[in-house]
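Asker: FYI, in my numbering the residues of the sequence shown are 1 to 881. Ideal Cβ placement from N, Cα and C applies to all residues, glycine included. Got a structure for you, questions after.
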Amino acid sequence: MNHQNNGDLNAHPEFFVPLNKYKPKSTYYACVDPLLPALWRLRRDYFWTQAVAPVSPYLTQGWKIHISCTLKYAKTVLERVTRVCTDDGTEFKFASDEFIHRKLLSKSAARQSGGKFMTIYPAGIEKFEGLIETLYRTLQDIQGPYILSDRQYKDSGAVFYRYGGFRAFTVRDFSGREKSMILDDDFRLVEDQRIPHFRVPAFVTDKRWGQIDEPADAVGADVLFGDEYAIESVLKFSNAGGVYAGRRVADGLSVVIKEARPHVDAEINGLDPLNRLKKEQRILHVLEGSGIAPRPLGWFVEWEHTFLVQEKIAGKTLREYCLDATKSLYPGSSQADVRTWLQKSAAIGADLIEKVRLLHVQDIVFGDISTNNIIIDPESLTLRFIDFEGALQVGVDENINIYTPGFCAPSRPEREVAQASDDLYALGCVLLALLAPSSVSLDIVKEYPERILAELMADVGLPRAFKTCIESLLRDPCSDLGECRRLLESISLDRVTEFSIESTDSHRPDVAQLVGKAMDYMRSVMSMDHPWRPFPLDAQSVDLIAVDHGVAGIALVWQQVEKDVPDSLKEWMARSETKGNHLPGLLNGLCGMAWVQCAIGLTDESERVLARAAEHHLLHENMSLGYGYAGYGLTCLKIWLANKDDKKLEEAEKVGKALLATGVAQESGVAWSLDANGYTGLGLHSGASGIALFLLYLGIATGKDGYISLAMQGLDCDIAHGRTVNGAVGFPTDTVPKNRILYPYLSAVTAGVACVAVRMYAITRHEKYKLFVDQVKASVAQKYTMSGDLFLGLSGIGHYLLDAAQFLEDDSYRCLAWRIASGLNLFKIEKDSGICFSGRNSPRISCSLAGGGAGIISYLDRLVCEKKNEFLMLDEILAKN
């Protein structure tokens, strides 16, 4: 994702601040407020400001009018539309300030909502017809982005309309995903589909206001783009326009066609994607024949959109190449494999450095160097830069500062224009990405490059030339590119070694001290009186009571580490469950809160919260352990173990019987919660493996082998979806055939499946589960990943490795678990108040369980204290077998 420096919201320098906490400036408010008649009022929130009439019509839905305009004409439009609407007695809303308006205009805005500066709510068809015509005449000189979800009124560049909801009316599913709803003509709820093309609900009469019917022979005509190009697929969509793969019909040449929509992402100076596309075409012509960039082939206009045609470069993005080729990702790589990988990485790095040097000789700053903007042929290693949208010719082009997070110097967001030194820094990030799969951490862990390069030198004999070159590019804005290239061209691979599955790391970090300092940091930032941030959390935090990204997970870890939690945290836990509209799930809602309350000794509160979960209308919508009914059953078992109340065991068995009744037979076993296409999630939290874990515990607790048999069928079903890559078994996140990426993590997915398999083997002694665990070992013998977190990072893998060490009594897994600790040491952030960690792939600190520091602490504490797995596991039941 590319960013341009457009200012920032009122953000904390180190903690994530949700957009809904933004405090808008008063500029747009001050423009409208003086124009309102008596008794009208403005109601402002972080995103929209609503103009409310003295007597509201209280319509729930209907034909609504959207106004589009650029920043330059915002105040003019506000003044004109306010007068028209208040004269008509019609309510409206507008973007709360320039920052929000800019988001709606931006390239990254959702295509179905991009450009909607104002929304007007006419009270009925007659009002709509009169008002839209008046607005059409009033705004004839205004141009804004075409609103893709709407229909244009006549030839207006500012006035659009669609049928939809007037009042926010949303429903949630078990995972928290929301849908906007309206009523059909039978008063049934149907989705108010917000999609990037105009659609009229089937029950609504469309009078096609302002439209001229096309001739019948024009409909369905087979028209080529630019009269000579056929579109074959979409490579990327954005609010600013798409990128398409196509071919030139005359000779079949493969091409890439880039689209620019006018007025999107436009600044006060009028620069928009069209200007940037023209600039890109000019720079491509300058570079033609250099081997640095694609050849420009054509330029054409269709309707209001402009298209640049360029040759299609064969190959894959460097990001894709790194994921396939980086041997630090694949423990078990031989010495020859590692040598080949490093030799190729050096050649790629040297070529990239030379290409950037040649750009700078021609006074061209690329500006947005990242692994996504480089195409490589994996066989020949031929490289090309693509996407020159963020490039500039010094002294020719207007200021531009487009960059990719994780590949930008710390000072970059504060500047208005890219500099040659920015290309050097980004080159350093790219070279680091060739060696290890993380660069996002550079935004917050300043020592990360030095740490990881030192570890790679120790683990596989990384040549020092890489370290010297990368550190020069990252730390010296005047780095000599010629010298950097020569370093990589003359590397010695004499000391390169294999990357073994078995850990040989004799150096072990001081984990006990790290855990202590991490707990010190959490104490220092705890603020239980803060209205919305009792701890620093991450962007995935939706419900503060949740285990995964909320406070409950932090409390669970606190209890694990210190066998108690602070009184203020207990009090927060006791009072918070009574507030809010919570989901029922174990990871994201009430069951998780009940689990944690039970763990910290709030037994009465936990039973009360579990009773609320039992009555929740979404409890039976999904069967999974993390978000559905199996998680409720597991929580019943947790409370049963705590208070020996057989009613909770009976309640858990109700869940077991429901799972017996709802399982769907598959070729390889049993699955649950299949979607309309017959697909379902995989793994511990979303798939049959997690359900199998609950059934295994239930079977032992009740002494009924039928539940264990069903558990085996569920686990077998998940295991059947494993795939072997580079000699190791891994899993995608679900059963959708097109999803080919395999993940080694706890939540997604391999380590989570293996957590269940190792327990199943311990109880059943079926050799197929031991064989599976052996096959997974190479996948989870990790050290270098994008994140250290619990759900999608090293910590969750570490929990599994400790499980395997304990259940199999195999010390090789414990050695690998210590390798994980060395990997986690790369991500630590040292503060005066202690040690903390960033949220997953984020430049902000997080204490959450799933994506932040608490999850890392939970693993490291377990490692150093040799504890059993207390993270949503009930292994004491297994001991009863």
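What first and last residue would you give for the beta strand (DSSP E) that runs through Gly-298?
Answerer: That run of the beta strand (DSSP E) goes 296-302.
Asker: Just to confirm before moving on: does the CB-CB distance between Asp-718 and Gly-687 stay below 9 angstroms?
Answerer: Yes. Within cutoff.
Asker: In the DSSP assignment, what residue or residues form a beta bridge with Asp-181?
Answerer: Note on residue identity: the sequence assigns Met, not Asp, to residue 181. In DSSP, Met-181 forms a bridge with Glu-191.
Asker: Considering only the alpha carbon of each residue, which of Tyr-521, Leu-462, Val-773, Ala-314 lies closest to Arg-339?
Answerer: Here the closest residue by C-alpha is Leu-462.
Asker: For Arg-723, count neighbouring C-beta atoms within 10 Å of its own C-beta (all shown protein chains included) and say buried if the count is 16 or more, exposed if not.
Answerer: Label assigned to Arg-723: exposed.
Asker: Can you give me the C-alpha to C-alpha distance between Cys-636 and Leu-649, rounded to a whole angstrom?
Answerer: C-alpha separation (whole angstroms): 7 angstroms.
Asker: What does DSSP give as the partner residue(s) for Cys-836 in the beta ladder?
Answerer: Its beta-bridge partners are Ile-829.
Asker: Determine the DSSP secondary structure at Thr-205, reduced to helix, strand or coil.
Answerer: Here Thr-205 sits in coil by DSSP.
Asker: Sorted by chain position, which residues of the same chain lie with C-beta nearer than 7 angstroms to Arg-83's C-beta, five sequence neighbours on each side aside?
Answerer: Excluding positions up to five away in sequence, the list reads Leu-35.
Asker: Keeping to the same chain, check which residues put their C-beta closer than 8 angstroms to that of Thr-60; ignore five residues upstream and five downstream.
Answerer: Gly-165, Phe-166, Arg-167, Phe-169, Ile-182, Leu-183, listed in sequence order.
Asker: Starting from Ile-65, follow the beta strand (DSSP E) in both directions and report where the run begins and ends.
Answerer: Per DSSP, Ile-65 belongs to the beta strand (DSSP E) from 61-67.
Asker: So, under 8 angstroms CB-CB, Asn-841 and Met-786 are touching, yes? Tell me the CB distance rounded to an integer number of Å.
Answerer: Between Met-786 and Asn-841 the Cβ distance is about 6 angstroms, and since that is below 8 angstroms, they are a contact.
Asker: Give the range of the beta strand (DSSP E) segment to which Trp-48 is assigned.
Answerer: Here the beta strand (DSSP E) through Trp-48 covers 48-52.
Asker: What are the residues that DSSP puts in a beta bridge with Phe-731?
Answerer: DSSP lists Tyr-743 as partners of Phe-731.
Asker: Buried or exposed for Ser-380, going by 16 or more other Cβ atoms inside 10 Å?
Answerer: Answer is exposed; the Cβ neighbour count stays below 16.
Asker: On the DSSP letters alone, give me the boundaries of the alpha helix (DSSP H) that Ser-500 sits inside.
Answerer: First-last for Ser-500: undefined, no H or E at that position.
Asker: My understanding is that Ala-245 touches Val-256, with C-beta atoms under 8 angstroms, so please give their C-beta distance in whole angstroms.
Answerer: With a Cβ gap of about 6 angstroms, Ala-245 and Val-256 count as contacting.
Asker: Using a Cβ-Cβ cutoff of less than 7 angstroms, which residues in the same chain neighbour Lys-279 once the five nearest sequence positions on both sides are dropped?
Answerer: Closer than 7 angstroms at the Cβ level, and outside the excluded window around Lys-279, lie Asp-397.
Asker: Excluding the 5 residues preceding and the 5 following Ala-614 in the sequence, name in chain order all residues of the same chain whose CB lies nearer than 8 angstroms to its CB.
Answerer: Once the five neighbours on either side are set aside, the close Cβ partners of Ala-614 are Tyr-632, Glu-651.
Asker: With a cut-off of 8 angstroms on the beta carbons, I'd call Leu-131 and Asp-88 a contact; round off their distance for me.
Answerer: That pair is a contact at about 6 angstroms.
Asker: Are the beta-carbon atoms belonging to Ser-370 and Asp-265 less than 9 angstroms from one another?
Answerer: Going by C-beta atoms, Ser-370 is not nearer than 9 angstroms to Asp-265.
Asker: What runs of the beta strand (DSSP E), each 3 residues or longer, lie entirely inside the stretch 348-385?
Answerer: The stretch 348-385 contains these whole beta strand (DSSP E) runs: 374-376, 383-385.
Asker: How long is the line joining the alpha carbons of Ile-348 and Cys-469, rounded to whole angstroms?
Answerer: Their backbone Cα atoms lie some 13 angstroms apart in a straight line.
Asker: Mind pulling the beta strand (DSSP E) runs of 3 or more residues that sit fully within the stretch 615-675?
Answerer: Segments of the beta strand (DSSP E) lying fully in the stretch 615-675: 664-666, 669-671.
Asker: Would you kindly work out how many angstroms separate the C-alpha atoms of Val-460 and Val-496, rounded to a whole number?
Answerer: If I take the Cα positions, the gap works out to 5 angstroms.
Asker: What residue ranges within the stretch 442-472 form continuous alpha helix (DSSP H) runs of no fewer than 4 residues, ordered along the chain?
Answerer: Listed in chain order, they are 448-460.
Asker: Mind pulling the beta strand (DSSP E) runs of 3 or more residues that sit fully within the stretch 738-822?
Answerer: Counting only runs of 3 or more, we get nothing.
Asker: Does the stretch 308-320 come within contact of the stretch 372-386, defined as at least 3 CB pairs closer than 8 angstroms?
Answerer: At 8 angstroms Cβ cutoff, the stretches touch.
Asker: Compute the Euclidean distance between the alpha carbons of Asn-869 and Asn-643, then round it to the nearest angstrom.
Answerer: The straight-line gap from Cα to Cα measures roughly 21 angstroms.
Asker: Can you find the residues in the same chain that come closer than 6 angstroms, C-beta to C-beta, to Ala-11, ignoring five residues on each side of it along the sequence?
Answerer: For Ala-11, where only same-chain residues beyond five positions count, the Cβ hits under 6 angstroms are Val-17.
Asker: Beta carbon of Met-573, beta carbon of Leu-537: below 9 angstroms?
Answerer: Result no, Cβ atoms of Met-573 and Leu-537 do not sit closer than 9 angstroms.
Asker: Could you compute how far the alpha carbon of Ala-555 sits from the alpha carbon of Val-596?
Answerer: Their backbone Cα atoms lie some 7 angstroms apart in a straight line.
Asker: Classify Thr-702 as helix, strand or coil using the three-state DSSP reduction.
Answerer: If DSSP states are grouped into helix, strand and coil, Thr-702 belongs with the helices.
Asker: So Ser-254 is in the beta strand (DSSP E); what residue range does that whole segment cover?
Answerer: Residues 253-260.
Asker: Do Phe-466 and Leu-431 count as a contact pair if the criterion is CB distance below 9 angstroms?
Answerer: Contact: yes.
Asker: Which runs of the alpha helix (DSSP H) fall wholly inside the stretch 565-594 and span at least 4 residues, in chain order?
Answerer: 567-576, all fully within the stretch 565-594.
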